[in-house]
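**Q**
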Amino acid sequence: MAKITYIEHNGTRHEVEVANGLSVMEGARDNNIPGIEADCGGACACSTCHVYVDGAWVEKIPAKDAMEEDMLDFAFEPDAERSRLTCQIKVTDALDGLVVQMPEKQI
Numbered sequence: 001m002a003k004i005t006y007i008e009h010n011g012t013r014h015e016v017e018v019a020n021g022l023s024v025m026e027g028a029r030d031n032n033i034p035g036i037e038a039d040c041g042g043a044c045a046c047s048t049c050h051v052y053v054d055g056a057w058v059e060k061i062p063a064k065d066a067m068e069e070d071m072l073d074f075a076f077e078p079d080a081e082r083s084r085l086t087c088q089i090k091v092t093d094a095l096d097g098l099v100v101q102m103p104e105k106q107i
C-alpha cells in the first residue's frame with residue numbers, strides 16, 4: 001500500500017492510501033478524487049487521466065512507453081518531463097509518498 005497525494009488544479013490536496021497492484025488512476029477513481037476523468041477506463045486510449053508528477057518523483061517511477069508518449073500528445077498542456085497518464089503507473093510500496101498534480105482541465 002502506498003500513500004499518494006493528488007493535488008487538484010486549485011490546490012486542494014487529497015492524501016489517500018492506494019493498494020499495491022492498482023494504478024494511480026484507479027486510486028483516484030476509487031477515492032472519488034476530482035480532476036482525473038479516466039474516460040477509457042485505463043486502456044491508455046485517451047489522455048483524461050493526465051497529471052504532472054512532482055519533480056522529486058519523475059526519476060523514481062517507471063519510464064513512459066511509446067503508447068503513453070503518443071497519448072500524452074492529446075493531453076492539456078503536457079510537460080515533457082512531468083506529464084504522465086495515471087492509468088500507466090502501477091502502485092507499489094516504492095511509490096509511498098508520490099505526489100501528482102492535476103492539470104487545469106482534461107481533454
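UniProt numbering numbers the first residue of the sequence shown as 1 and each following residue consecutively. Each residue gets a CB set at the ideal place from its N, CA and C atoms; glycine is no exception. Since the model is a prediction, treat every value here as computed from it, not as a measurement.
In three-state DSSP terms, what is Q101?
**A** strand
**Q** If you draw a straight line from the alpha carbon of C87 to that of T48, how long is it in whole angstroms?
**A** 10 Å
**Q** The beta strand (DSSP E) that contains L22, what's its start and end?
**A** Note, L22: premise wrong, no beta strand (DSSP E); not H, not E.
**Q** Quick check: V16 and I4, are their CB atoms within less than 8 Å of each other?
**A** yes
**Q** Beta-carbon separation of I107 and F74 under 8 Å?
**A** yes
**Q** Whole angstroms are fine: how far does the CA of C46 sit from the CA of C40?
**A** 6 Å
**Q** What number of angstroms, rounded off, separates the C-alpha of S83 from the C-alpha of P103?
**A** 9 Å
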